[in-house]
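Undergrad: Attaching a single structure in structure tokens format; questions to follow.
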Amino acid sequence: MGELAKQLSLVTKEDNINSKDIKTELNRTHTDELVIALCGPIGTDIHLTAKVLNHILTNKYHYECIEIRLSDLIKKHTPDTLVFNEEVEGHSVEYKRLLALIKKGNHLRKEHGLSILAELAINEIAVQRETRKKEKGYLSERVCYIIDSIKNIEELELLRLIYRDIFYCIGTFASIDSRVSNLTNREMKTHEIYELIDRDSGEEMQFGQKVTDTFVEADFFLRLDDGSSKLIETKLSRFLHLIFSSEVITPTTDETAMYLAFAAAGNSACLSRQVGASITDENGEIISVGWNDVPKSGGSVYKSDTDNIVHDKRCINYENGICYNDREKSKIAKTLVDSLIREGIINEEKRLDAENSLKKSRIKELIEFSRAVHAEMLAIILAGQRGGNRLINATLYCTTYPCHNCARHIVAAGIKNVYYIEPYRKSMATKLHGDSITEDESKKELVRILMYDGTAPRRFLDFFKMTPSTRKSNGKKIHINFSKKSPKNTLSLQAIPYLEGMVTNDLKSKNLIHV
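If you count by this note's numbering, then the sequence shown holds residues 21 to 535, one letter each, in order.
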């Protein structure tokens, strides 16, 4: 046991650390480094976000910013001779360039794992730090690595695993119209633009880009529809104040309402997905929250605290936990195949193939047969019970984009704005109600469905909970020297190089780097 203790001890005799000062000594091993990854759909000006972020950190916080572009790493680690089967003749130069990058990135993921681009970025950070250490005797510098940009959830998860509390992800986005305009200005054809947007958002292949899945896991959401670098600077400055605790920042109405919607989602026992919603009146006051679950007679939905398992008739406890929506869709597919066989259009041997084909069709998008009331609907119903007139010109916050069923009720209720985080591909809201609903921020005369802008609700308490004794001294507000302020969360440099080294060794084994 004594020998094991010796092996585990990280303190040598030469260190001569007094046990009373161990916390101080450990804190001295922490670094002011930051790692910020950007994620956003194709056509969004992510480079502008990186540029503004660099400007603020450099000029206000006296940080050195090092940008790591994953597109450069893709080019570096895939041969120019790599040929793809897809025909690209007759396409624009920009389309060919972007498509080649996507395909090369997919090739790297297929050959070396889904997180390979994050591994390469981590190695770049390790090399940069080691170079500065040799040149300057580096210990803990004010350096921020800006990674532009991640496209896959495994990349995000690996970066979080390595850099923990000093890592942040900013989800940057613009409306579809804005993105199409940006890509059109790069001399791309319309059909090329929509093909790339669809491929970028979530490719079917396992090793493809999954921007939508990655984006929703960001720590901060930044909407760029305005296009003004000044507005972007204001938003990013606020986000950095939260990271550094360099100003007293409290949540906006939007952030509080989305946090409540996010929390409400946890109440849902739906077998498909958990969705939460909240509604504020014209004055920004919360009037209701809702979540998707099975309604019960007498009003509202079944709840764990009021309904024991005998009386709880949610799908988790009803008929052995069947999802009624999935069951009905399977019945429709089977009924259609039965009819095709009966009419002699296909033979019995083709039954299984036909049923599988139908299940992959738009039948899978049907949402009419669920027993659950949707989060938005429950929130609207509860708001109507408590003061229906307050729904006029209200704002609804939902963790997921509203479906077309909820959309028509949102319009009828008089709600003017909807904010969401997670896209919902099945929704036909704008297609069916284009006369009343828009995703264009400038069209205030219609019901606007917009991506949420602000801190991620899952980080709400991390960002806004006050650290004791950081706001005042001697009865007065503390004025912070930005250039010397350390981030609120730091990490020991004793740990980071070791974890980075594990990634570097993995890259060596894949023959992607040679040290």
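Where is the CB? At the ideal position from N, CA and C, for every residue including glycine. Nothing here was measured: the structure is a model prediction, and the numbers come from that model.
P517 to E396, Cα distance in whole Å?
TA: What you label residue 517 is simply residue 497 of the sequence shown in a count that begins at 1. What you label residue 396 is simply residue 376 of the sequence shown in a count that begins at 1. Between P517 and E396, the C-alpha separation is close to 47 angstroms.
Undergrad: Of the residues R129, D65, L134 and I213, which one's Cα is nearest the Cα of K116?
TA: Taking the first residue of the sequence shown as 1, we reach residue 116 at position 96. Selected option, being the one with the closest Cα: I213.
Undergrad: Report the rounded CA-to-CA distance for K43 versus L513, giving the unit in angstroms.
TA: Counting from one through the sequence shown, the residue named residue 43 turns up at place 23. Counting from one through the sequence shown, the residue named residue 513 turns up at place 493. Looking at the two C-alpha atoms, the distance is approximately 15 angstroms.
Undergrad: My output table needs one value for C164: the three-state DSSP class, helix, strand or coil.
TA: Residue 164 sits at position 144 when you count from the first residue of the sequence shown. Strand at C164.
Undergrad: So, at 7 angstroms on beta carbons, what are the nonlocal neighbours of T270 in its own chain, with the 5 sequence-adjacent residues on each side left out?
TA: What you label residue 270 is simply residue 250 of the sequence shown in a count that begins at 1. Same-chain partners within the cutoff: F484.
Undergrad: Could you compute how far the alpha carbon of I469 sits from the alpha carbon of E131?
TA: The count along the sequence shown starts at 1 and reaches residue 469 at position 449. The count along the sequence shown starts at 1 and reaches residue 131 at position 111. Going by the C-alpha atoms only, they are around 40 angstroms apart.
Undergrad: Measuring alpha carbon to alpha carbon, tell me which residue in V231, V113, M486 and D52 is nearest E174.
TA: As a position in the sequence shown, residue 174 is number 154, starting the count at 1. Taking only the C-alpha atoms, the option nearest E174 is V231.
Undergrad: So what does DSSP say about H453, is it helix, strand or coil?
TA: Within the sequence shown, the letter at position 433 stands for residue 453. Coil, per DSSP.
Undergrad: According to DSSP, is S359 helix, strand or coil?
TA: In the sequence shown, counting from the first residue as 1, residue 359 sits at position 339. Helix at S359.
Undergrad: Which runs of the alpha helix (DSSP H) at least 4 residues long sit entirely within the region 419 to 448? Give them in chain order.
TA: Taking only runs of at least 4 residues, the alpha helix (DSSP H) segments lying wholly in the region 419 to 448 are 424 to 433.
Undergrad: CB-CB under 6 angstroms to E348, same chain, minus the five flanking residues each way: which ones, in chain order?
TA: Within the sequence shown, numbered from 1, the residue matching residue 348 stands at position 328. These residues qualify, in order along the chain: F389.
Undergrad: Compute the distance between the beta-carbons of I122 and Q229, then report whether it is under 8 angstroms.
TA: Here residue 122 is taken as the residue at index 102 of the sequence shown, counted from 1. Here residue 229 is taken as the residue at index 209 of the sequence shown, counted from 1. The answer is yes: Cβ separation under 8 angstroms.
Undergrad: Helix, strand or coil: how does DSSP classify S320 here?
TA: Taking the first residue of the sequence shown as position 1, residue 320 is located at position 300. If DSSP states are grouped into helix, strand and coil, S320 belongs with coil.
Undergrad: Mind checking which residues open and close the alpha helix (DSSP H) that includes I186?
TA: Here residue 186 corresponds to residue number 166 of the sequence shown, with the count starting at 1. Counting along the chain, I186 falls outside any alpha helix (DSSP H), and DSSP gives it neither H nor E.
Undergrad: Determine the direct distance from the alpha carbon of A141 to that of R180, and round the result to whole angstroms.
TA: Position 160 of the sequence shown, counted from the start, is the residue given in the question as residue 180. Position 121 of the sequence shown, counted from the start, is the residue given in the question as residue 141. Using only the alpha carbons, I get a separation of about 13 angstroms.
Undergrad: May I ask which residues mark the beginning and end of the alpha helix (DSSP H) holding T236?
TA: Walking along the sequence shown from the start, residue 236 turns up at place 216. The question names Thr, but residue 236 is Val in the sequence shown. Counting along the chain, V236 falls outside any alpha helix (DSSP H), and DSSP gives it neither H nor E.
Undergrad: So P61 packs on I217, CB below 8 angstroms; how close in whole Å?
TA: For the purposes of this step, residue 61 is taken as the residue at position 41 of the sequence shown. For the purposes of this step, residue 217 is taken as the residue at position 197 of the sequence shown. The pair is a contact, with the Cβ atoms about 7 angstroms apart (cut-off 8 angstroms).
Undergrad: Among residues of its own chain, excluding the 5 on either side of L134, which ones have a beta-carbon nearer than 7 angstroms to its beta-carbon?
TA: For the purposes of this step, residue 134 is taken as residue 114 along the sequence shown, with counting starting at 1. Here the set comprises N172, E174 and F227.
Undergrad: Consult DSSP for F241 and reduce its assignment to one of helix, strand or coil.
TA: Here the question's residue 241 lines up with position 221 in the sequence shown. DSSP places F241 in strand when its eight states are reduced to three.
Undergrad: Smallest Cα separation from N74: which of I56, D65 and V200?
TA: Counting from 1 along the sequence shown, the entry for residue 74 is found at position 54. With distances taken between Cα atoms, N74 lies closest to I56.
Undergrad: From the DSSP secondary-structure annotation, give me the bridge partner or partners of S512.
TA: As a working note, residue 512 is residue 492 in the sequence shown. In DSSP, S512 forms a bridge with H50.
Undergrad: Taking its Cβ as the centre, do 16 or more other Cβ atoms sit within 10 Å of A432, making it buried, or is it exposed?
TA: As a first step, residue 432 is located in the sequence shown; it is residue number 412 there, counting from the start. The residue is exposed, with fewer than 16 neighbouring Cβ atoms inside 10 Å.
Undergrad: Compute the Euclidean distance between the alpha carbons of Y183 and L242, then round it to the nearest angstrom.
TA: Reading the sequence shown from its first residue, position 163 is the one you call residue 183. Reading the sequence shown from its first residue, position 222 is the one you call residue 242. Taking the straight line joining both Cα atoms gives about 22 angstroms.
Undergrad: Grab me the residues of H429's own chain with a C-beta within less than 8 angstroms of its C-beta, minus the 5 sequence neighbours each way, in chain order.
TA: The sequence position of residue 429 within the sequence shown is 409, counting from 1. The residues are E396, M397 and I400.
Undergrad: Can you have a look at P477 and say buried or exposed, based on whether 16 or more other CB atoms are within 10 angstroms of its CB?
TA: In the sequence shown, the residue the question calls residue 477 occupies position 457. It counts as buried.
Undergrad: On the DSSP bridge assignment, give the partners of F193 in chain order.
TA: Indexing the sequence shown from 1 puts residue 193 at position 173. Beta-bridge pairing links F193 to R243.
Undergrad: Taking its Cβ as the centre, do 16 or more other Cβ atoms sit within 10 Å of L77, making it buried, or is it exposed?
TA: Numbered from 1 along the sequence shown, position 57 holds the residue referred to as residue 77. So L77 counts as buried.
Undergrad: Enumerate in chain order the residues of its own chain whose CB-to-CB distance from G222 is below 6 angstroms, with the five nearest sequence positions on each side excluded.
TA: Here the question's residue 222 lines up with position 202 in the sequence shown. Cβ within range, chain order: K230 and T232.
Undergrad: By the three-class DSSP mapping on this structure, what secondary structure does L291 have?
TA: As a first step, residue 291 is located in the sequence shown; it is residue number 271 there, counting from the start. Residue state, collapsed to three classes: coil.
Undergrad: Terminal residues of the continuous alpha helix (DSSP H) containing V309?
TA: One-based indexing of the sequence shown puts residue 309 at position 289. Counting along the chain, V309 falls outside any alpha helix (DSSP H), though it belongs to the beta strand (DSSP E) covering I306 to W311.
Undergrad: Let me confirm a value: M278 is counted as buried when at least 16 other C-beta atoms fall within 10 Å, else exposed. Which label applies?
TA: Here the question's residue 278 lines up with position 258 in the sequence shown. By the 10 Å Cβ count, M278 comes out buried.
Undergrad: State the start and end residues of the unbroken beta strand (DSSP E) segment that holds S169.
TA: Position 149 of the sequence shown holds residue 169. Element bounds for S169: n/a, residue is neither H nor E.
Undergrad: Tell me, which residues are paired with K95 by DSSP?
TA: On the sequence shown, residue 95 is found 75 positions in, with the first residue counted as 1. Its beta-bridge partners do not exist; DSSP assigns none.
Undergrad: What does a CB cutoff of less than 6 angstroms around L28 pick up in its chain, not counting 5 residues either side in sequence?
TA: Counted from its first residue, the sequence shown places residue 28 at position 8. No answer about L28 holds up, because its pLDDT of 38 lies below 50 and its placement is not dependable.
Undergrad: Compare the C-alpha of F193 against each of E177, K154, E155 and F235 and name the closest.
TA: On the sequence shown, position 173 is the one that residue 193 refers to. Out of E177, K154, E155 and F235, F235 has the C-alpha closest to the C-alpha of F193.
Undergrad: By the 10 Å Cβ neighbour count, where 16 or more other Cβ atoms means buried, how is K464 classified, buried or exposed?
TA: Residue 464 sits at position 444 when you count from the first residue of the sequence shown. Under this definition K464 is an exposed residue.
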